[in-house]
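Beneath this line is the structure, given in structure tokens, with notes to follow.
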Amino acid sequence: IRWTEGRGWHDAQLQPYAPLQMDPANMTLHYSQTIFEGLKAYRQADGSVALFRPDSNAERFRRSARRMAMPELPVEAFIEACDLLVRQDRAWVPGEGEQSLYLRPFMFATEVGLGVRPADEYLFMVIASPAGAYFPSGVKPVSVWLSQEYVRAAPGGTGEAKTGGNYAASLLAQAEAAEHGCAQVVYLDAVERRWIEEVGGMNLYFVSGSGGDATIVTPKLTGTLLAGITRDSLLSIASDLGYRTEERLISAEEWREGNADGSISEVFACGTAAVITPVGSVKSAHAEWTVGDGEPGEITMRLREALLAVQTGRAADPHGWMHRLG
Ligand code: PMP
42 IRWTEGRGWH
52 DAQLQPYAPL
62 QMDPANMTLH
72 YSQTIFEGLK
82 AYRQADGSVA
92 LFRPDSNAER
102 FRRSARRMAM
112 PELPVEAFIE
122 ACDLLVRQDR
132 AWVPGEGEQS
142 LYLRPFMFAT
152 EVGLGVRPAD
162 EYLFMVIASP
172 AGAYFPSGVK
182 PVSVWLSQEY
192 VRAAPGGTGE
202 AKTGGNYAAS
212 LLAQAEAAEH
222 GCAQVVYLDA
232 VERRWIEEVG
242 GMNLYFVSGS
252 GGDATIVTPK
262 LTGTLLAGIT
272 RDSLLSIASD
282 LGYRTEERLI
292 SAEEWREGNA
302 DGSISEVFAC
312 GTAAVITPVG
322 SVKSAHAEWT
332 VGDGEPGEIT
342 MRLREALLAV
352 QTGRAADPHG
362 WMHRLG
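Residue numbers for the sequence shown follow full-length UniProt numbering, beginning at 42 and rising by one.
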């Protein structure tokens, strides 16, 4: 679907995957006016296909567009585009367990020009790509690198938007994590370098206490981290399962001390791609520690199973999250 100043949205079309031709002065290449989303279509227990919370992705896409001075695509048009593509590619939605069809809706400026200003022309597209189980050989805890040097987003910046520049800013930190043998980066806030924000492509959760008495804590949305849809879903699922939930500031110090004295029993990351990933160990320039016994925690796995059961239609959908294909 194209958008042109004065004309609005026009020329929606479904076409085979193919390269795009671009002018060297395309404004996106220079000023990064680009936003994206990630969501999945799951094969349901009865054989049908459904998208998980596409309305929430559509709303977040509108918020990202607003922050990046781009036109807002109506929620219905976003869902219709995803729906149309998945219906076309229905046969590509795998049928087993947590396999899925990953959708990547995105929008970028197509205007040609060298001046810095919001563009007058944009293109919205959706790519579909089959995704196998994120952990083909079972769920494995990840090691994380607590970055002291690099931040992902600052107050007033674009951290809350799903825009390419945030990810570009994270690449060097990701390379630093790999040098230290870690799979993911945990970002701290830009002002005090104290409060836990999120992982490069996932939100974080901390479990304090155990059994039915556990409290599930996640960093509150301060404007510099992404409002993950998996994060939001887990707040509901955890309450449905009878756990207390809290959204609040949590410091790196509290995390380290909580793991040392056992008051934080489990930590996990969550997002569309991996659903829930247990965090097994943490490293920073000053410290290194293991989370619990380094193995996936019981509550982590219980929440993971509960979420996947809704996504694959094996459990009831009390919140109306599944969007069946029309
Ligand atoms: N934080 C960041 C920076 C991300 O890129 C993602 C992936 N979209 C998430 C968190 C998790 O969000 P969601 O649950 O909506 O996939």
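Where is the CB? At the ideal position from N, CA and C, for every residue including glycine.
Just to check my reading of the structure: residue i and residue j have Cβ atoms closer than 8 Å, yes? What is that Cβ distance to the nearest angstrom?
i	j	result
V90	R131	6 Å
P319	V180	7 Å
A118	W50	7 Å
V332	E307	7 Å
R84	V134	5 Å
V167	N67	That pair is no contact at about 20 Å.
W236	I291	7 Å
A172	S105	No, A172 and S105 are not in contact; Cβ-Cβ is about 22 Å, not under 8 Å.
residue 36	Q140	The question about residue 36 has no answer here: the residues shown for the chain are numbered 42 through 367.
A357	W330	A357 to W330, Cβ: 39 Å. No contact.
A255	R297	Their Cβ separation, rounded to whole angstroms, is 20 Å, which puts A255 and R297 out of contact at 8 Å.
R94	W362	5 Å
G200	G299	Not quite, the Cβ-Cβ distance comes to about 25 Å (not below 8 Å), so this is no contact.
Taking C-beta to C-beta, are residue i and residue j nearer than 8 Å?
i	j	result
A268	R158	no
T75	F147	yes
E336	P182	yes
I317	L348	yes
L142	A82	yes
L126	L144	yes
E220	Y228	no
L366	D124	yes
H364	L155	no
Which residue from the options puts its Cα closest to that of residue i?
i	options	result
S188	E217, E294 and E162	E217
A86	G354, H360 and W362	G354
A326	G222, I317 and V116	G222
S249	M243, G242, T259 and G241	T259
A160	I270, T69, A59 and Q62	T69
I42	L144, H364 and E162	E162
L213	G136, G241 and G197	G241
L80	I270, Y175, G299 and G253	I270
L282	S304, M243, E346 and I291	E346
E273	M109, R107, N98 and E298	Reading the sequence as shown, one finds Asp at residue 273 and not Glu. The option with the nearest alpha carbon to D273 is N98.
L344	L275, T151 and R128	L275
T341	Y246, D302 and D358	Y246
G197	S73, D64, I291 and M109	M109
P359	L366, R365 and V351	V351
A53	W44, G200 and A59	W44
A224	L262, F77, M243 and D64	M243
R48	P112, I305 and Q215	P112
Return yes when the C-beta of residue i is under 7 Å from any heavy atom of ligand 2, and no when it is not.
i	result
L267	Because ligand 2 does not appear in the structure shown, any question about it cannot be addressed here, the ligands present being ligand 1.
Does chain B have any CB closer than 8 Å to the CB of residue i?
i	result
H327	Within the model displayed, chain B is absent; a lone protein chain is all it includes.
Inset, instruction - Report the residue ranges of all alpha helix (DSSP H) runs contained in full by the segment 224-307; include only those spanning at least 4 residues, in chain order. - result: 270-281 and 293-302
Legend entry - the segment 273-291 in contact with the segment 187-199 per 3-pair CB rule at 8 Å: no
Legend entry - At least 3 beta-carbon pairs within less than 8 Å: the segment 297-317 vs the segment 200-207: no
Inset, instruction - Please specify which runs of the alpha helix (DSSP H), each continuous and at least 4 residues long, are wholly inside the segment 63-95, giving them in chain order. - result: 68-72
Inset, instruction - Could you pull out every unbroken alpha helix (DSSP H) segment of at least 4 residues lying fully inside the segment 99-169, listed in chain order? - result: 116-129
Legend entry - 4 or more residues per run - each alpha helix (DSSP H) lying fully within the segment 307-356: 339-352
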